[in-house]
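**Student:** Residue numbers (the working numbering), protein chains in the order written: chain L, 274 to 552; chain Z, 1281 to 1590; chain G, 13 to 310. All residues carry an ideal CB built from backbone N, CA and C; glycine is no exception. Submitted below is the structure of interest, expressed as structure tokens.
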Amino acid sequence: MTEGRKILGSIGLGILTIFVIVAVLAPHIAPYDPHQMYRPMEHPSSRHLLGTNDIGNDILSEIIYGTRVSLFIAFIVSAISMLVGTSLGLIAGYFDKLGFLIMRVVDIFLTIPRLPLIIIIAASMRPSIWNLIAIFLIFGWTMTARIIRSEVLTLRTRYYIDATKMIGGGDFYILWRHILPNVIPLVVVQFIMEAIHVILAESGLSFLGLGDPVARSWGMVLHYAFECPIIYVSDVWMWWMLPPGLCIVFTVLGLTFVGYALEETLDPRLKNPAYGREL
Amino acid sequence: MSVIEISDLKTYFPTKDGIVRAVDRIDLSIHERETIGLIGETGCGKTVLGLTLMRLLHPTTTVEGTIMYGGKNLLKISEAEMRLIRGEAIAMILQNPTTSLNPVMRVGEQIAEAIRLHQGLNRRDAKEKAVEMLDAVRIPLPHKRVGEYPHEFSGGMKQRVMIAMGLACNPSFIIADEPTKGLDVTIKAQIIELLRETTPDKAMLLITHDLDVARELCDRIAIMYAGELVECAPTDEIFEDPLHPYTRGFLGSLPRNGLVPIPGMSPSLINLPDGCRFHPRCADAKETCQKKHPEMIEVECGHFVRCFDA
Amino acid sequence: MPGDALSYLTDPGADIPVRMTEEKREILLAYYGLDKPILEQYINYMVGITRGDLGWSIYYSAPVLEVILGRLKWTLLLVGTSTAIHVTLGILIGAASAWAHGRTKDVCLLVSILSISSFPSFFLGILMVIFFGIKLDIFPIGGAQTAFATYQSPFGEIFDILHHLILPAATLVISHIGGTYLLMRNSMLGVLGEDYIMTARAKGLSERYILHRHALTNALLPIVTMTAMTIGFMIMGTIFVETVFAYPGIGNLLYNAVLYHDYPLLQGIFLFMTIAIVGANFLADMIYVRLDPRVDHE
């Protein structure tokens, strides 16, 4: 891996680790319970480092607990999407008839514009964290399934697969021992891509007001901030909008850097454009 | 009269595993109207030599030595001056026509652009010339084919197009890199014939691993091994009286001679053996061969070898 | 479904709560056809589409089609300009980055663009509003035109519209530029490593010429398909950008429809967006076939 990518990857990993630690240790780090109400619309002070929101919750605590919500949603959706997507991709790539069916479904899902549909579905359901997760899961697996399937199709034609068949290896054995290990790097990168997408989409949805009002993610904090009528004319945005927004930015940044660093292991063309040819 | 005089040429690639000595102190003279064959296994540095002559290597490559052409050292002139020479005075026919042709550009245009650049012709005249070139390389229906795309040509035809591109500006020196690689026997014969017909007045460096092709076309043959020249002689002498053990082994590995392989593997160009680079695989290796590095000596008139045993 | 269409009207938190008895409610439901079984509603809807009837917006009290069309032009303007700028910029910066691969220019561009892409579009929009609209006060903070303005000349109106367009368009462009940039960069890097670039050099062609005639043309091919996806992303992005800038387009309309549970309107907008995105993809496929000579023209 070239130096530059390594550095970026490490920075990304560092950022993510910080957020994960905050999420895990939230109850110990946050100064107050985010649902506890104090005097509303307070400016930052020694008691409330980021002030309070319109109903009196401590903003800093909100943001710290919000880390849990945002990260949880992103990682759970990505993890399950990867499982489902990879399994379906493996099956679709290996077994043709089933594969045809699966890919048609994937095609349908991929043509439909995700966001408007997600918005409509979210709007028709009770806003809750589990509903959000379910909604994202509807689409999350599709891209992965397609990518994995393409890879399986390529891997399938390699000779060692035939060789394994000749010595009597069964289909699932081949899938498990030979194809799956080769596909794992792709899955890791897809996991990161999906996580990025979910964080951005979830914060967007929450911003529109469709998130869980109890388990407030960063997007929801921003939603309430945006709704506040004096948000622009005073300085309130500085401590109510900027911090949660920046949290989203840095989390995505961390993920992007890690994803970028890992991507090189998959595409050797990107390594060096030197004109070194066959000697 | 030598057209190109190569002295002490070195091409080294810095890599994270060490320095790759692809071309290590090569001396070679190529004369007018002479065709020299550069023979060697894959990975011995032949193509790199060709690219070095054209100065087509990445800027991070270390290139030292002299390449005298037309009174100038090609390694010292500016890039702008070199560009004037490339394609017109010295042309290279690169390997692998399938990937060496731009897939979204018409074949005629790929030939014509060099003509427009070097000879200053307008679009229409350049296109006419391109048609002429396609005809010269025996592509049927040149007027029609000039507007087609590379994927519409077969492998042998693409190779002809590459040759046409090389000859388009009438260079005095051509470097042909593996022009028959991957072609089946009948097509190979046609390409050999084509090259013979179109280059009698030019100097040519024919890079190949195929001895039969070299035998047909070359006046002299230089054998390359691990970045060095190990033997250089007129064609007949190479075949009738090979002096270097590697050359003998190479000849012995031809199908008609029994397909006897040379034991061992060619050395990595990063970790070269001490002394004679061939000694680990040489049946006649002696003590000196392991310690001292042999120089190239003229054993008979015009016949040079790099071996203590000659 | 929770919060059916009429509940907004009766919601005590609504602007003008309408008191309804159960009877009245049923009459209204029947009027809107919401009392029939789901399947029948669905079929009626489909049939209606073919006749150009997309239903009736409950919040706006007007045919859905009319409501949507009234706002369509602003979204088209926004998405159109943004896509054009985005694609051009993405190609230029991506190509420049690839050409300078590994050097400082490339690295700086790469890190900057990657970082910028991490901003969610609505957050970026808010920041834009705050810095350019309020602090520096050079751009208006909302709307597509100054309300109640009169113009001395058509130029005045055009200028006003452009003035309002800049920030939302900039937000859309910046938040999505990452995708095209990376694609162009990767595509270009791949092309630059190809053998035919070496052939072009061997012919003595200048680097500039090679970049334009050989590299760009090949590298641009994937961009065409990507542009269709980009339009799709832009359309989805307008939902947020229009909301933040109170820009009266379809995105903003969607937000309102969600807020007021106006399902017919929601469906109508969704239909429009789907057609637009599918159409864009289709168009991109058609164009790609014409551009790449390797693909069979059937």
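Relative to the C-alpha of isoleucine 375 of chain L, which candidate in L/Leu361, L/Asp331, L/Leu473, L/Pro454 has its C-alpha closest?
**Tutor:** Of L/Leu361, L/Asp331, L/Leu473, L/Pro454, the residue nearest in Cα terms is L/Leu361.
**Student:** I'd like the list of long-range same chain contacts for leucine 278 of chain G, defined as Cβ closer than 6 Å, with 5 residues on each side in sequence excluded.
**Tutor:** Correct list, in chain order: Ala269.
**Student:** Check the Cβ-Cβ distances between glutamate 310 of chain G and every residue of chain Z, and say whether any is below 8 Å.
**Tutor:** A caution first: glutamate 310 of chain G carries a pLDDT of 39, below 50, which makes its placement in the model too unreliable to give a value.
**Student:** Below 8 Å, how does it come out for the stretch 1447-1457 of chain Z and the stretch 1351-1369 of chain Z: are there three or more Cβ pairs, yes or no?
**Tutor:** Yes: the two stretches touch, three or more of their Cβ pairs being nearer than 8 Å.
**Student:** Just the chain L side, please: which residues come within less than 7 Å of valine 253 of chain G by C-beta, in chain order?
**Tutor:** The premise fails here: valine 253 of chain G is roughly 11 Å from chain L at the closest Cβ pair, so nothing lies under 7 Å.
**Student:** For arginine 1586 of chain Z, name the three-state secondary structure that DSSP assigns.
**Tutor:** Looking at arginine 1586 of chain Z - three-state DSSP - the assignment turns out to be coil, as it is neither helix nor strand.
**Student:** Determine the DSSP secondary structure at glutamate 1511 of chain Z, reduced to helix, strand or coil.
**Tutor:** Here glutamate 1511 of chain Z sits in strand by DSSP.
**Student:** With distance defined between alpha-carbon atoms, name the residue in G/Phe245, G/Gly114, G/Met210 nearest to isoleucine 186 of chain G.
**Tutor:** Of the candidates G/Phe245, G/Gly114, G/Met210, the one whose C-alpha sits nearest the C-alpha of isoleucine 186 of chain G is G/Phe245.
**Student:** Going by CA-CA distance only, name the one from G/Val236, G/Leu217, G/Val256, G/Tyr300 that's closest to leucine 1397 of chain Z.
**Tutor:** Measuring from the Cα of leucine 1397 of chain Z, the nearest candidate turns out to be G/Leu217.
**Student:** Sort out for me which residues DSSP pairs tryptophan 68 of chain G with in a bridge.
**Tutor:** Looking at the DSSP assignment, tryptophan 68 of chain G forms a beta bridge with G/Pro75.
**Student:** Under the DSSP definition of a beta bridge, which residues are partnered with aspartate 1457 of chain Z?
**Tutor:** In the DSSP output, where bridge partners are listed per residue, aspartate 1457 of chain Z has Z/Ile1487.
**Student:** Go ahead and pull the three-state DSSP assignment for lysine 1290 of chain Z.
**Tutor:** Strand.
**Student:** Note down the Cα distance separating alanine 1456 of chain Z from glutamate 1393 of chain Z, rounded to an integer number of angstroms.
**Tutor:** Those two C-alpha atoms are separated by around 20 Å.
**Student:** Taking 7 Å as the limit between beta carbons, can you name the residues of its chain near phenylalanine 151 of chain G, skipping five residues before and five after?
**Tutor:** Correct list, in chain order: Phe144, Gly145, His175, Ile178, Leu179.
**Student:** Check whether chain Z comes within 8 Å of leucine 217 of chain G, counting only Cβ atoms and requiring the distance to be less than that.
**Tutor:** It does: the Cβ of leucine 217 of chain G has a partner Cβ on chain Z nearer than 8 Å.
**Student:** Determine the direct distance from the alpha carbon of threonine 340 of chain L to that of glycine 477 of chain L, and round the result to whole angstroms.
**Tutor:** Glycine 477 of chain L and threonine 340 of chain L: Cα-Cα distance of roughly 15 Å.
**Student:** What do you get for lysine 1460 of chain Z, buried or exposed, if any count of 16 or more other CB atoms within 10 angstroms of its CB means buried?
**Tutor:** At residue 1460 of chain Z the sequence reads threonine, which differs from the lysine that was named. It is buried - the Cβ of threonine 1460 of chain Z has at least 16 other Cβ atoms within 10 Å.
**Student:** How do the stretch 1306-1326 of chain Z and the stretch 1503-1510 of chain Z stand: do at least 3 beta-carbon pairs fall below 8 Å, yes or no?
**Tutor:** Touching, per the Cβ criterion.
**Student:** With DSSP as the reference, identify every bridge partner of tyrosine 505 of chain L, one or two as the case may be.
**Tutor:** For tyrosine 505 of chain L, which the question treats as bridged, DSSP gives no partner whatsoever.
**Student:** Comparing the C-beta of methionine 13 of chain G with each C-beta of chain Z, is any distance below 8 Å?
**Tutor:** Confidence at methionine 13 of chain G is low in this model, with a pLDDT of 36, below 50, so the placement of that residue is unreliable and no value is reported for it.
**Student:** At a Cβ threshold of 8 Å, is glycine 244 of chain G touching chain L?
**Tutor:** Glycine 244 of chain G counts as touching chain L.
**Student:** At least one CB of chain G closer than 8 Å to the CB of phenylalanine 530 of chain L: is that the case?
**Tutor:** With 8 Å as the cut-off, phenylalanine 530 of chain L counts as an interface residue toward chain G.
**Student:** Just verifying my parser: in three-state terms, what is the DSSP assignment at tyrosine 1591 of chain Z?
**Tutor:** Missing from the structure shown is residue 1591 of chain Z; chain Z here goes from 1281 to 1590 and no further.
**Student:** State yes or no: is the C-beta of leucine 1549 of chain Z within less than 8 Å of the C-beta of glycine 1325 of chain Z?
**Tutor:** In this structure, glycine 1325 of chain Z lies closer than 8 Å to leucine 1549 of chain Z by Cβ.
**Student:** Could you please give me the residues that DSSP links to valine 1300 of chain Z through a beta bridge?
**Tutor:** Bridge partners of valine 1300 of chain Z: Z/Phe1293.
**Student:** For the stretch 277-306 of chain G, enumerate the residues whose C-beta is nearer than 7 Å to any C-beta of chain Z, in chain order.
**Tutor:** Residues Asp304, Pro305, Arg306.
**Student:** Going by DSSP in three states, arginine 278 of chain L sits in which element: helix, strand or coil?
**Tutor:** Here arginine 278 of chain L sits in helix by DSSP.
**Student:** Name the one or two DSSP bridge partners that arginine 533 of chain L has.
**Tutor:** The question names arginine, but residue 533 of chain L is tyrosine in the sequence shown. Note: tyrosine 533 of chain L sits in no beta bridge, so no partner.
**Student:** Using a Cβ-Cβ cutoff of 7 Å, what residues of the stretch 1387-1404 of chain Z are near chain B? List them in chain order.
**Tutor:** Checking the listed chains, one finds no chain B in this structure; the protein chains it contains are L, Z and G.
**Student:** Should the stretch 398-408 of chain L be called in touch with the stretch 458-469 of chain L, which here means at least 3 C-beta pairs below 8 Å?
**Tutor:** Cβ pair count under 8 Å is below three, so no.
**Student:** Should tyrosine 446 of chain L go down as buried or exposed, given a rule of 16 or more other Cβ atoms within 10 Å for buried?
**Tutor:** Exposed, since its Cβ has fewer than 16 Cβ neighbours within 10 Å.
**Student:** Tell me, please, whether the stretch 1416-1427 of chain Z touches the stretch 1337-1353 of chain Z by the rule of three or more beta-carbon pairs shorter than 8 Å.
**Tutor:** Touching, no, given that fewer than three Cβ pairs across the two stretches are closer than 8 Å.
**Student:** Of all the residues that make up the stretch 188-213 of chain G, which are near chain Z by a beta-carbon distance shorter than 9 Å?
**Tutor:** Answer in chain order: Glu206, Asp207, Tyr208, Ile209, Met210, Thr211, Ala212, Arg213.
**Student:** Please classify alanine 110 of chain G as buried or exposed, where buried requires at least 16 neighbouring CB atoms within 10 angstroms.
**Tutor:** Buried, by the Cβ-count rule.
**Student:** May I have the straight-line CA-CA distance separating glycine 168 of chain G from threonine 87 of chain G, to the nearest angstrom?
**Tutor:** If you take the alpha carbons of glycine 168 of chain G and threonine 87 of chain G, they lie about 21 Å apart.
**Student:** Jot down the residue ranges of each uninterrupted alpha helix (DSSP H) in the stretch 373-414 of chain L, minimum 4 residues, whole runs only, in chain order.
**Tutor:** Complete alpha helix (DSSP H) runs here, min 4: 387-397.
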